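Peer 1: Handing you a structure now.
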Amino acid sequence: MPARTGRQYLDNLKSLNPEIYLNGRRIAHVTEEPVFAGPLRTIAEQYDLQLDPRYVDVCTYVSPTTGERLSRSFQPCRTKEELVAKRRHFQLRADHTFGMMGRTPDFMNAFVLGWNTNAPVFGELDERFGENARRYYERVRDNDLFMTHVLINPAIDRSKTSSQQEDPFLHLGKVRETDEGIVVRGAKMLSTMAPFAEELVVVPFGGIAPGDDDYAVVFTVPIDTPGLKFICREPVAPAGRTEFDHPLSSRFEEMDCIAVFDDVLVPWDRVVVDGRPGSRDLVNRVLGSDPSVLVVNGARSLASLELLCGIATKIADATGIDNFLHVQEKLGDLISRLDTLRTLFYGAEAMAAPLPDGTWVPYLPGIMAFHMQTAPTHRRMVEVIQILAAGNFFYAPSGGDFANEELRPFIDRFVRGRPGVPAEERVRLFKLAWDVAGDGFGQRLMQYVNYYSGDPVRLTAGLYLGADKSEIHRAVERALAGSDRSLDIPLPPEVLEMAAPPQPTKPLTGMYPAKSQPSS
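Going from the sequence shown to my numbering is simple: count from 1 and add 104.
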């Protein structure tokens, strides 16, 4: 099956029977659960988007082997033109959700594309595993399946490694091998979008300690595999929310789940790393995701920041405070931050170059710098929205109040904005602002932005450790050399060369016990 429609996605989801638990009860049918109605509709729209005649050439590419249209997120980037096309695809999907959903189908599509590229690496321990990685990529590509993933061990006792926990299978690990495959037990966090997914990808992340090879398992399973259970967090968008009162949270809540593996059998043809001796070193060396994941994340970040900046400026306009100097200063700062990030995002693409394997990627130092600055910018934009909105968040009658014929004249009179901004327009704006800056939906999004790719301290330290500092050090050496070398200036490059992907050369310290760090 080539690229699917939303109806085809929902029909297949109905045929599955995963163990999903919400508020203590097992969900009988995911597609009939009211809490899931909004996000399911949005995901179906994501699938419809790729076959819409207006967008089909942006969202799909023609398979060179079958001639069928496939989701462009699965396409390897062998030219700069393909990289640009892929970025446009990711942006279109992100703009559809205003960047409110970070785990739409294109994210994991880009992730497993890297498995195809890294198949030889996964095959180092066993040739079968490299083939499994490659075939899995082909299977999900050709069937356009929706995947979720789990990476992180539950934070039960972070002073101890996986094997040192009170129970050796609190963290997910291999229990035994059988003729059919490996049996795994334990838990992982957090499986975002699990209730809506068809496949689960399991990859350890964050460093596996020496002697913990049993926990270095990489595999895939269908979402309804026996023994696999998902426990949903409390919804931040309960059932029954309307688009009038909650324009974002009613549509875009991403459910996060604890994944519990109760002696789950993983067939051999779905194993990518099996926990044998040497598995730890391999998993610590390669995550396996494709570099285009950085573009997916960048497109989502940019879409959300554009929305936040727009909300802040619209609030100032609607309430007539945009002529105040201190308000203009705040808004000017937000626009400056947004334009800086836009320049980093598009500039990294303009400076794209191929990696040794022929994959075209954005200028990696630029896209990483973009990534490091998105979370603080998001936090500042939310803060400014809160400052400008102040008590107006709560001066916003509900959609039911607007429908009340007796109340409506008073609402239209007393809840309007500056001249030209009627009450309904003003109220809708502040409800939109509340969703991103005050409601639980917005607070969950903030936490996601801060931590979705790991601890920001660790990530920033890794950027320092992996950076090529030779050029800035040469400037220091010239300054120290004095006037004798004042004219010994290197010519500026015509084109800035691609730096190697940031790769820390030694363990990061201070966040995890030293014995759990990847070896240098």
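Cβ coordinates follow ideal geometry from the N, Cα and C atoms, glycine included.
Computed from a prediction, not measured in an experiment: that's the story for all the values here.
Following the continuous alpha helix (DSSP H) through E235, name the residue where it begins and the one where it ends.
Peer 2: Translated into positions along the sequence shown, residue 235 becomes position 131. Element bounds for E235: E231 to N247.
Peer 1: Going by Cα to Cα distance, which pick from P523, R232 and E529 is closest to D349?
Peer 2: Start at 1 with the first residue of the sequence shown, and residue 349 comes out as number 245. Checking every option, the nearest Cα to that of D349 belongs to E529.
Peer 1: If you compare alpha carbons, which of W464, G570 and A473 is closest to L448?
Peer 2: The sequence position of residue 448 within the sequence shown is 344, counting from 1. Measuring from the Cα of L448, the nearest candidate turns out to be A473.
Peer 1: Per DSSP, what kind of secondary structure is T324 in: helix, strand or coil?
Peer 2: Within the sequence shown, residue 324 is the residue found at index 220, counting from 1. DSSP places T324 in strand when its eight states are reduced to three.
Peer 1: Looking only at its own chain, which residues have a Cβ that is under 7 Å from the Cβ of G470, when we skip the five neighbours before and after it?
Peer 2: Position 366 of the sequence shown, counted from the start, is the residue given in the question as residue 470. Within the same chain, G470 has close Cβ partners L448, G451, A452 and M455.
Peer 1: What does a CB cutoff of less than 6 Å around R441 pick up in its chain, not counting 5 residues either side in sequence?
Peer 2: Your numbering for residue 441 matches position 337 in the sequence shown. Counting only Cβ-Cβ distances below 6 Å, and skipping sequence neighbours, we find T481.
Peer 1: Following the continuous alpha helix (DSSP H) through G414, name the residue where it begins and the one where it ends.
Peer 2: Taking the first residue of the sequence shown as 1, we reach residue 414 at position 310. Run containing G414: V397 to A422, per the alpha helix (DSSP H) assignment.
Peer 1: Can you have a look at H133 and say buried or exposed, based on whether 16 or more other CB atoms are within 10 angstroms of its CB?
Peer 2: The sequence position of residue 133 within the sequence shown is 29, counting from 1. H133 comes out exposed.
Peer 1: Mapping DSSP to helix, strand and coil, what is D394?
Peer 2: Locating residue 394 in the sequence shown gives position 290, counting from the first residue. Of the three classes helix, strand and coil, the one that applies to D394 here is coil, per DSSP.
Peer 1: Going by DSSP in three states, H133 sits in which element: helix, strand or coil?
Peer 2: Translated into positions along the sequence shown, residue 133 becomes position 29. DSSP places H133 in coil when its eight states are reduced to three.
Peer 1: Between K190 and the rest of its own chain, which residues show a CB-CB distance below 8 Å, the 5 nearest in sequence each way excluded?
Peer 2: As a working mapping, residue 190 is identified with position 86 in the sequence shown. If we look at K190 and ignore the five residues flanking it on each side, its Cβ neighbours are R176, S177, Q179, C181, S396 and V399.
Peer 1: Alpha carbon to alpha carbon, how far is M485 from I491? Give it in angstroms, no decimals.
Peer 2: Within the sequence shown, the letter at position 387 stands for residue 491. Within the sequence shown, the letter at position 381 stands for residue 485. Going from the Cα of I491 to the Cα of M485 covers about 10 Å.
Peer 1: So which of F215, V139, W538 and E281 has the shortest CA-CA distance to P371?
Peer 2: Mapped onto the sequence shown, residue 371 falls at position 267. Closest by alpha carbon: E281.
Peer 1: Can you check whether the CB of F300 is closer than 8 Å to the CB of F250?
Peer 2: Residue numbering aside, residue 250 sits at position 146 when the sequence shown is read from its first letter. Residue numbering aside, residue 300 sits at position 196 when the sequence shown is read from its first letter. Cβ distance < 8 Å, so F250 and F300 count as in contact.
Peer 1: Give the straight-line distance between the Cα atoms of Y638 and G402, rounded to the nearest whole angstrom.
Peer 2: The chain is shown only over 105 to 624; residue 638 falls outside these bounds and no answer can be derived.
Peer 1: Roughly how many whole angstroms lie between the Cα atoms of E172 and A107?
Peer 2: The residue given as residue 172 occupies position 68 in the sequence shown. The residue given as residue 107 occupies position 3 in the sequence shown. Answer to the nearest angstrom: the Cα atoms are 8 Å apart.
Peer 1: Have a look at A527, R483, I489 and G521 and flag the residue whose alpha-carbon is nearest the alpha-carbon of G503.
Peer 2: As a first step, residue 503 must be located in the sequence shown, where it is residue number 399. Minimum Cα distance to G503 is reached at A527.
Peer 1: Looking at the unbroken alpha helix (DSSP H) that takes in D115, where does it start and where does it end?
Peer 2: Against the sequence shown, residue 115 aligns to sequence position 11. Its alpha helix (DSSP H) spans residues G110 to K118.
Peer 1: State the CB to CB distance for the pair P143 and E338, rounded to an integer number of angstroms; the pair is presumed to be in contact (CB under 8 Å).
Peer 2: As a position in the sequence shown, residue 143 is number 39, starting the count at 1. As a position in the sequence shown, residue 338 is number 234, starting the count at 1. The pair is not a contact, with the Cβ atoms about 15 Å apart (cut-off 8 Å).
Peer 1: So what does DSSP say about S167, is it helix, strand or coil?
Peer 2: By one-based count along the sequence shown, residue 167 stands at place 63. Looking at S167 - three-state DSSP - the assignment turns out to be coil, as it is neither helix nor strand.
Peer 1: For the alpha helix (DSSP H) that E149 lies in, which residues bound it at each end?
Peer 2: What you label residue 149 is simply residue 45 of the sequence shown in a count that begins at 1. Counting along the chain, the alpha helix (DSSP H) containing E149 begins and ends at A141 to L153.
Peer 1: Are there three or more Cβ pairs, one per stretch, closer than 8 Å when the segment 360-369 is compared with the segment 283-301?
Peer 2: The answer is yes - the segment 283-301 touches the segment 360-369, with three or more Cβ pairs under 8 Å.
Peer 1: Can you tell me whether DSSP reads K278 as helix, strand or coil?
Peer 2: The residue you call residue 278 lines up with position 174 of the sequence shown. Correct three-state label for K278: strand.
Peer 1: Check for me: the beta strand (DSSP E) holding Y125 runs from which residue to which?
Peer 2: Taking the first residue of the sequence shown as position 1, residue 125 is located at position 21. Counting along the chain, the beta strand (DSSP E) containing Y125 begins and ends at E123 to L126.
Peer 1: How big is the Cα-Cα spacing for I593 and K573?
Peer 2: For the purposes of this step, residue 593 is taken as the residue at position 489 of the sequence shown. For the purposes of this step, residue 573 is taken as the residue at position 469 of the sequence shown. Near 17 Å, if we compare the C-alpha coordinates of K573 and I593.
Peer 1: With respect to the alpha helix (DSSP H) encompassing P209, which residues constitute its N-terminal and C-terminal limits?
Peer 2: Position 105 of the sequence shown holds residue 209. It spans P209 to T221 - the alpha helix (DSSP H) in which P209 sits, taken as one unbroken run.
Peer 1: Measuring CA to CA, which of R384, R355, V390 and C336 is closest to M364?
Peer 2: Mapped onto the sequence shown, residue 364 falls at position 260. Looking at the sequence shown, residue 364 is not Met but Val. Checking every option, the nearest Cα to that of V364 belongs to C336.
Peer 1: Per the contact definition of three or more C-beta pairs closer than 8 Å, is the segment 219-235 in contact with the segment 427-447?
Peer 2: The segment 427-447 vs the segment 219-235: no contact.
Peer 1: Buried or exposed for H275, please, with buried defined as at least 16 other CB atoms from any protein chain shown within 10 angstroms of its CB.
Peer 2: Reading the sequence shown from its first residue, position 171 is the one you call residue 275. Per the 10 Å Cβ criterion, buried.
Peer 1: Can you check DSSP and say which residues form a bridge with G290?
Peer 2: The residue given as residue 290 occupies position 186 in the sequence shown. F365.
Peer 1: Opposite M378 in the DSSP bridges: which residues?
Peer 2: Counting from one through the sequence shown, the residue named residue 378 turns up at place 274. First, the residue type needs correcting, since residue 378 is Asp and not Met in the sequence shown. Beta-bridge pairing links D378 to V321.
Peer 1: Could you tell me if Q551 is buried or exposed, where buried requires 16 or more neighbouring beta carbons within 10 angstroms of its beta carbon?
Peer 2: Start at 1 with the first residue of the sequence shown, and residue 551 comes out as number 447. Classification for Q551: exposed.
Peer 1: Go through the segment 428-489 residue by residue and report every complete run of the alpha helix (DSSP H) that reaches 4 residues or more, in order.
Peer 2: Here the runs fully enclosed are 429-454.
Peer 1: So M212 and T146 are in contact, right, with Cβ under 8 Å, and what is the actual spacing, rounded?
Peer 2: Taking the first residue of the sequence shown as 1, we reach residue 212 at position 108. Taking the first residue of the sequence shown as 1, we reach residue 146 at position 42. Not really, about 16 Å apart at Cβ, beyond 8 Å.
Peer 1: Mapping the DSSP letters down to three states, classify M251 as helix, strand or coil.
Peer 2: Taking the sequence shown and counting its residues from 1, one reaches residue 251 at position 147. Of the three classes helix, strand and coil, the one that applies to M251 here is strand, per DSSP.
Peer 1: Determine, using beta carbons only, whether V416 and V488 come nearer to each other than 8 Å.
Peer 2: Here the question's residue 416 lines up with position 312 in the sequence shown. Here the question's residue 488 lines up with position 384 in the sequence shown. The sequence shown places Ala at residue 416, not Val. Result yes, Cβ atoms of A416 and V488 sit closer than 8 Å.
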